[in-house]
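The opening position of the sequence shown corresponds to residue 1226 in my numbering, with each subsequent residue numbered one higher.
Backbone N, C-alpha and C fix where the C-beta goes; we use that ideal spot for every residue, glycine too.
Single-structure report; data block below.
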Amino acid sequence: MKGDGVRRQVEASHAYAATNGLTIDDELTDIGLSGYHGDHVATGALGGFLELVKTGKIDKGSVLIVESLDRLSREDIITAQSQLMSLLAAGVDVVTLIDNQRYSRSASLGDIVLSLVSMARANEESRTKSERAKAKIAQRRTDAMNGKKTFVLNGPSWINQIPIGGGQYRFELNERAQTVRDIFEMYDSGIGAHTISKILNAEKRPVFASRGVFALWRDASIMFFLRSEAAIGTYAIGSDFKVPDYYPRLVPDDVWFRIQDRLSANKTKAAGRRGEKFTNLFQGFAVCHNCGTPIRTIRGGNKNAYAYYACQQKFIGGSGCDQQGRKFIRLEAIEEAILDHVNEYHTDSKNGSVGQRENVAMELDSAKAESAEVAKRITNVRSVLETVDNDDDRLAFMGRLSELRKESERHNHTVAVLEKRLREIDENNQQQVDVNKLILDEIRQWSTMDKDTLYRSRAKINQSLSKIISTVRFDLPAKEAYVFVGGMTKAWRINDQGELTGQLDWSHIPWSVLQTFSKNELGIDKAKLRDAKAINASIEGERLPEELFGKHLTGH
């Protein structure tokens, strides 16, 4: 439902209430839910209202105002009539704004018949509209599979659709494309959606399809573009049919998929405050060595001239961190030292990653084959279902179809996970050189950058470091930081003076030996360890055994 439709219905509800001496207690809406399939009853506002009626929490004499009876009647007439009768029996009147009718418990036979006729008409109209919509979708799919490009309603705003005759169109990037491309580049460099919207507003970039002169870029708009498959040329028809290379590509595939992985990861973790200068260069992968909670930055000293690292849990006075003594250490020396050693942050795992890639690729091929086989079975069952007349047989086939769809979802999830792992392996191999060069090039220019440019540069470095550093663990009482690369494959120990005081290198150790060590030394179940990164993930939130470094770190 469009925004104007909501506004119109709310205004009409208030007008009816005012005319008839009623007080609006709340407006229940079911925006975006299909009444024809009963979704608005199961999950929407109407479902909540019916539940309140059943439990007696809606008083007798209350009035439910709806636009028309089809808000109740898009499943089947019997169900809809039952819902209406339940409301009336509970002493709740129903008002339809479209014809100004009021149905109550004292309704006459004529009123009941009128309601049935209205519901039947609404049900038939909805069924017809649904069939027409399905036919249009089917036609669009057929056209797309045959290479015919037709007009796309609500198509990407950065693409012009130009008619070329015969109902066909060609697509061209327009002047808005550069803005969307900039959005992808900024997000890929580590800048968040909120900051991107602030940057676009500061640059006075026009908001797409805006009606208002004072319209602004907002976080939701940025996220909409970042999630759009049209950016890599894909035309999505429905939720399960996609046509690649339908539109001109805006960004490379690897950039788009990398951003989708990041968006998925961000759903499960809260983004911390980055400040005006992106002070914490290790945000997202820096933790307290003692309790595993995130490290934050604070300012102190004369006129807050100095920046410090502090444990978030300890800083807010939480009980989850029992570290004793010093609560923070100076930022500048440790940051500089970590960046000075960026050339060394390699796992030397080229040889190992080749075998790992081959294994993942084999798993992916197998998963895709299984997914294709299930999709074939689904097609076969649907074909048979269309010819079955017996109700019992139809139910049996529908049950089988439901099982196959669940199996298909499992296979598709496995494929998505393996594709992500494959992309990570390929990116890690490429980034061995690229990331180091990018970081060093950016740092050389820091002294000449203005505030906004410096923020973008530090955000870009943060994103680059997160691809090669697994964790930076700060041991605040000891005034030290440990930089872990490749999970637990390599580690560097740096003190608060910026001096490298120890180094650990297990990159030459066979994976099977590293698994056994993790079990014996760290108590980690071998079944949880699929790669070196899993070691670090398994110890997150726990202090590493002190003897680990005494035994294995070489001194400097």
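In whole angstroms, what is the alpha-carbon distance linking residue 1249 and residue 1303? 30 Å
State yes or no: is the C-beta of residue 1820 within less than 9 Å of the C-beta of residue 1607? Beyond the ends of the chain as shown, which are 1226 and 1781, falls residue 1820; an answer cannot be given.
Helix, strand or coil at residue 1792 [DSSP, three-state]: The question about residue 1792 has no answer, for the chain in this structure spans 1226 to 1781.
Just tell me which of 1518, 1517, 1519, 1534 has its CA closest to the CA of residue 1525. 1534
Out of 1522, 1536, 1537, which one is the CA nearest neighbour of residue 1530? 1522
Boundaries of the beta strand (DSSP E) in which residue 1730 is found, first to last residue: 1725 to 1730
Does the distance from the C-beta atom of residue 1663 to that of residue 1588 stay below 9 Å? no
For residue 1455, does the count of other Cβ atoms within 10 angstroms reach 16, so buried, or fall short, so exposed? buried
Which residue's Cα is closest to the Cα of residue 1290: 1331, 1282, 1312? 1312
Starting from the Cα of residue 1605, find the closest Cα among 1629, 1702, 1360 and give me that residue. 1629
How would you label residue 1307, buried or exposed, when you count the other beta carbons within 10 angstroms and need 16 or more for buried? exposed
Which two residues bound the contiguous beta strand (DSSP E) that contains residue 1398? 1393 to 1398
DSSP puts residue 1536 in a beta bridge; with which residues? 1520
With 16 other CB atoms within 10 Å as the buried threshold, where does residue 1391 fall? exposed
Which of the three DSSP states is assigned to residue 1292 in this structure? coil
Exposed or buried, which one is residue 1650 when buried takes at least 16 other CB atoms within 10 Å? buried
Please state if the CB of residue 1379 and the CB of residue 1398 are separated by a distance shorter than 9 Å. no
Would residue 1279 be called buried (16 or more neighbouring beta carbons within 10 Å of its own) or exposed? exposed
Between the alpha carbons of residue 1619 and residue 1350, how many angstroms are there, rounded? 26 Å
Kindly indicate which three-state DSSP category residue 1698 falls into: helix, strand or coil? strand
Taking residue 1611 as the reference, which of 1600, 1623, 1428 has the closest Cα? 1623
With 16 other Cβ atoms within 10 Å as the buried cut-off, status of residue 1671: exposed
Between which two residues does the beta strand (DSSP E) holding residue 1720 run? 1715 to 1720
Pull up the distance between the alpha-carbon of residue 1239 and that of residue 1323, whole angstroms please. 14 Å
Would you list the one or two residues that DSSP bridges to residue 1705? 1700, 1720
With a CB to CB cut of under 6 Å and the five nearest residues on each side skipped, what residues in its chain are close to residue 1486? 1645
Spatial distance of residue 1448 from residue 1482 (CA atoms): 14 Å
Are the region 1678 to 1690 and the region 1505 to 1512 touching by the rule of at least three beta carbon pairs closer than 8 Å? yes
Where the beta strand (DSSP E) through residue 1321 begins and ends: 1318 to 1321
Exposed or buried, which one is residue 1700 when buried takes at least 16 other CB atoms within 10 Å? buried
I'd like to know whether the C-beta of residue 1611 is nearer than 9 Å to at least one C-beta of chain E. The question asks about chain E, but that chain is absent: this structure has only one protein chain.
Closest to residue 1374 by C-alpha separation, out of 1367, 1366, 1387, 1393, would be which residue? 1393
Can you give the Cα-Cα distance for residue 1245 and residue 1288, rounded to whole angstroms? 11 Å
Top-ranked residue by Cα proximity to residue 1362, from 1382, 1467, 1585: 1467
What separation, rounded to the nearest whole angstrom, lies between the Cα atoms of residue 1450 and residue 1621? 42 Å
Is it buried or exposed, residue 1389, if we count other Cβ atoms within 10 angstroms and call 16 or more buried? exposed
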